[in-house]
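Shown next, in structure tokens, is the structure this report addresses.
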Ligand code: UFG
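In my numbering, the protein residues as written are 315 to 638.
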């Protein structure tokens, strides 16, 4: 059984990937400092509390387990916060990843799967964003992720470390079991916020910007289910090991939905009406982000299975019965 170190495995996407790794016969070892993650999300998997800033602790883990590959989910992810507090983002999302990569090289760990983002592209210059699209981030969060992408290229050349960069568009939804799901404090993501309004846990939903150059004036995003993302991680890991080659993939459904459409669809699915207000644009938000994931489909054989309806249904199931 292959041991995979999942850094940030107690967080939203990490915990779903951990569950799928286990189902596919891997042994995921969760490494998390629990600053954002939840112990309840770790369930019965091997858990090591720690921080990737702590190189001694990392070396200890690499000695304790024979690790075949590392997956990294332990990043700060909020665009708006990254504009207000860039230092926090550069320290965690760049400096700490550098510590992790150094320790991997020292311990001869050959493979790394890195969670990157659509935010590395900035304002799109074409309708759908594929891997050849220019990368000009328009916020510090995107900058931090792009810096690591560049570091990985240099690490491969100098030290032979192979990596797969997975650029997520808008991760959403929850595991069908309802055991794990999305839980951020504060919550800033659209779908959980809209569902919290439907659950009467918040008074309203604010639409950040209704004057974008889109069909209804609100931003358009490409929502992809967290289990579809998890599937891509496993396919990417297997491909990287088989071919011993680095690569990058954009992961989205290829369909764009506006903020207003998400609100309407949520009202339909939940059968609950709630208050919606308009608000000014949020800084750092591109108008439209839609993935072209043809490469992931062709090279990895990846095929996303969850529709937008199913994304909202699973997230609603989680929101109503959340465990953390
Ligand atoms: N939005 C609202 N009201 C809200 C919350 C969000 O109108 O209460 C809007 C945002 O302005 C944006 C859209 O809904 O237009 C989606 O916002 P999210 O915060 O859910 O997601 P983002 O697109 O900002 O962020 C996601 C990931 C980031 C990643 C980014 C890529 O969460 O990690 O996509 O740009 F960087």
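Here a beta-carbon is modelled for each residue, glycine too, at the ideal position from N, C-alpha and C.
Would you check if the distance between the CB atom of residue 432 and the CB atom of residue 605 is smaller than 8 Å? The count along the chain shown starts at 1 and reaches residue 432 at position 118. The count along the chain shown starts at 1 and reaches residue 605 at position 291. Against a cut-off of 8 Å, the Cβ pair of residue 605 and residue 432 comes out as a contact.
Using DSSP's beta-bridge definition, name the partner residues of residue 319. In the chain shown, the residue the question calls residue 319 occupies position 5. BP columns for residue 319 point to 343 and 384.
Find out if the Cβ-Cβ distance for the pair residue 603, residue 438 is shorter than 8 Å. Reading the chain shown from its first residue, position 289 is the one you call residue 603. Reading the chain shown from its first residue, position 124 is the one you call residue 438. Against a cut-off of 8 Å, the Cβ pair of residue 438 and residue 603 comes out as a contact.
Beta bridge counterpart(s) of residue 519 as assigned by DSSP: Position 205 of the chain shown holds residue 519. Answer is 590.
Whose CA, out of 572, 617, 538 and 469, lies closest to the CA of residue 530? What you label residue 530 is simply residue 216 of the chain shown in a count that begins at 1. Among 572, 617, 538 and 469, the Cα nearest to that of residue 530 is on 572.
Secondary structure of residue 352, DSSP reduced to three states: Position 38 of the chain shown, counting from 1, holds the residue named residue 352. Coil, per DSSP.
Contact the region 405 to 418 vs the region 374 to 391: 3+ CB pairs below 8 Å: Verdict: yes, contact present.
Tell me whether residue 345 counts as near ligand 1, meaning its Cβ is closer than 7 Å to at least one heavy atom of that ligand. In the chain shown, counting from the first residue as 1, residue 345 sits at position 31. Checking every heavy atom of ligand 1 against the Cβ of residue 345, none is found closer than 7 Å.
Near residue 562, which residues of its chain fall below 8 Å by C-beta distance, leaving aside the five closest residues on each side in sequence? Reading the chain shown from its first residue, position 248 is the one you call residue 562. Once the five neighbours on either side are set aside, the close Cβ partners of residue 562 are 430, 445, 463, 478, 479, 480 and 481.
Quick one: what does DSSP say residue 482 is sitting in, helix, strand or coil? Residue mapping note: residue 482 aligns to position 168 of the chain shown, counting from 1. The answer is strand: DSSP assigns residue 482 an E or B state.
To which residues does DSSP link residue 614 through a beta bridge? By one-based count along the chain shown, residue 614 stands at place 300. For residue 614, which the question treats as bridged, DSSP gives no partner whatsoever.
Between the region 469 to 476 and the region 612 to 624, can you find at least three pairs of beta-carbon atoms closer than 8 Å? They do not touch, by the three-pair rule.
Cα separation between residue 497 and residue 441? Within the chain shown, the letter at position 183 stands for residue 497. Within the chain shown, the letter at position 127 stands for residue 441. Between the C-alpha atoms of residue 497 and residue 441 there is a straight-line separation of about 31 Å.
Cβ of residue 433 within 7 Å of any heavy atom in ligand 1? Counting from one through the chain shown, the residue named residue 433 turns up at place 119. Yes - ligand 1 has a heavy atom lying nearer than 7 Å to the Cβ of residue 433.
Flag this pair as touching only if the region 552 to 559 and the region 509 to 523 have three or more C-beta atom pairs under 8 Å; answer yes or no. Segment contact: the region 552 to 559 against the region 509 to 523, fewer than three CB-CB distances shorter than 8 Å; contact not assigned.
Any beta carbon of chain C sitting closer than 8 Å to that of residue 447? The structure shown contains no chain C; it is built from a single protein chain.
With DSSP as the reference, label residue 605 as helix, strand or coil. The residue given as residue 605 occupies position 291 in the chain shown. Strand at residue 605.
Suppose you measure from the CA of residue 355 to the CA of residue 503; what does that come to, to the nearest Å? Against the chain shown, residue 355 aligns to sequence position 41. Against the chain shown, residue 503 aligns to sequence position 189. Straight-line spacing of the CA atoms in residue 355 and residue 503 works out to 19 Å.
Excluding the five sequence neighbours on either side, which residues of its own chain have a C-beta within less than 8 Å of the C-beta of residue 551, listed in chain order? What you label residue 551 is simply residue 237 of the chain shown in a count that begins at 1. Taking residue 551 as the centre and dropping the five residues before and after it, the same chain places the C-beta of 318, 383, 385, 425, 427 and 478 closer than 8 Å to its C-beta, in chain order.
Should the region 483 to 498 be regarded as contacting the region 580 to 587, the criterion being three or more beta carbon pairs within less than 8 Å? Verdict: no, contact absent.
Once you ignore the five residues that flank residue 365 on each side, which residues in its own chain have a CB closer than 6 Å to its CB? Position 51 of the chain shown, counted from the start, is the residue given in the question as residue 365. Answer for residue 365: 347, listed in chain order.
Other residues of its chain near residue 460: CB distance less than 7 Å, five sequence neighbours each side excluded: As a working note, residue 460 is residue 146 in the chain shown. Taken in chain order, the residues that qualify are 434, 449 and 451.
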